[in-house]
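Right, one structure below, let's go through it.
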Amino acid sequence: MINLNIYCDEYDFSPLAKAFESEAEADCPLSLEIIFADKEEIKRLNSEFRKIDRETDVLSFPTLDGIRGKALKAADFPYDTDEDGKLFLGSIVICTEVAKDQAEEYGHSYERELFYLAAHGVCHLLGYDHMTEEDKQEMREKEERVLKKLNLTREE
1 MINLNIYCDE YDFSPLAKAF ESEAEADCPL SLEIIFADKE EIKRLNSEFR KIDRETDVLS
61 FPTLDGIRGK ALKAADFPYD TDEDGKLFLG SIVICTEVAK DQAEEYGHSY ERELFYLAAH
121 GVCHLLGYDH MTEEDKQEMR EKEERVLKKL NLTREE
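Taken in order, the sequence shown gives residues 1 to 156; the numbers are from the numbering used here.
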């Protein structure tokens, strides 16, 4: 069980933090930040950090390596705490313009798309990825489980 704090100036993601409580283990409070960007900024970040010169919907910048499926212990990461003493998982950047376009394309609400992208980002910060089909399935199941707790199904 985790105590997760999501810092975001533009949106309240506290329900998502609560939905992730049973998705990992930690002996200390955790934190992460979510930042919103426009298409130009996300394209710049994607090009700079991933060498992909196009816009994308979400980027994750984890601070901890090798944590997938492991119980997080503060003693293992003594230099990775935020100003409040919480273990900092990293940053997530969401492109709101792409999120709006995708919500329309997929026929669900903007809120559902924002929470999906944020959940996707949190999974990355917790060490999950989608490089293999098996990893992708595991990550998708976690994302869908979290969104179900929020009553944000694909139809929302």
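Glycine included, each C-beta is placed from N, C-alpha and C at the ideal position.
Query	Result
Along the chain, where does the beta strand (DSSP E) that runs through Asn5 open and close?	4-7
Check whether the Cβ of Ala118 lies closer than 7 Å to any Cβ atom in chain B.	Note that chain B does not occur in the displayed structure, where there is just one protein chain.
Quick check on Pro62: does DSSP put it in helix, strand or coil?	strand
Tell me the start and end of each unbroken beta strand (DSSP E) in the segment 86-131 that is at least 3 residues and wholly inside, in chain order.	87-95
Are three or more beta carbon pairs between the segment 54-67 and the segment 89-104 nearer than 8 Å?	yes
Counting beta carbon pairs with one atom in the segment 96-110 and one in the segment 118-128, are three or more of them shorter than 8 Å?	no
Can you give me the C-alpha to C-alpha distance between Glu156 and Val146, rounded to a whole angstrom?	Caution applies to Glu156, whose pLDDT of 49 falls short of 50 and renders its modelled position unreliable; the value that the coordinates give is listed next. About 14 Å.
Could you spell out the range, first to last residue, of the beta strand (DSSP E) harbouring Ile52?	Note, Ile52: premise wrong, no beta strand (DSSP E); not H, not E.
Decide if Asp9 is buried, meaning its Cβ has at least 16 other Cβ atoms within 10 Å, or exposed.	exposed
According to DSSP, is Glu83 part of a helix, a strand, or is it coil?	coil
So, Cys95 versus Asp57, is the Cβ gap smaller than 7 Å?	yes
For Ala26, which of helix, strand or coil comes out of DSSP?	strand
For Glu33, which of helix, strand or coil comes out of DSSP?	strand
DSSP three-state call for Leu147: helix, strand or coil?	helix
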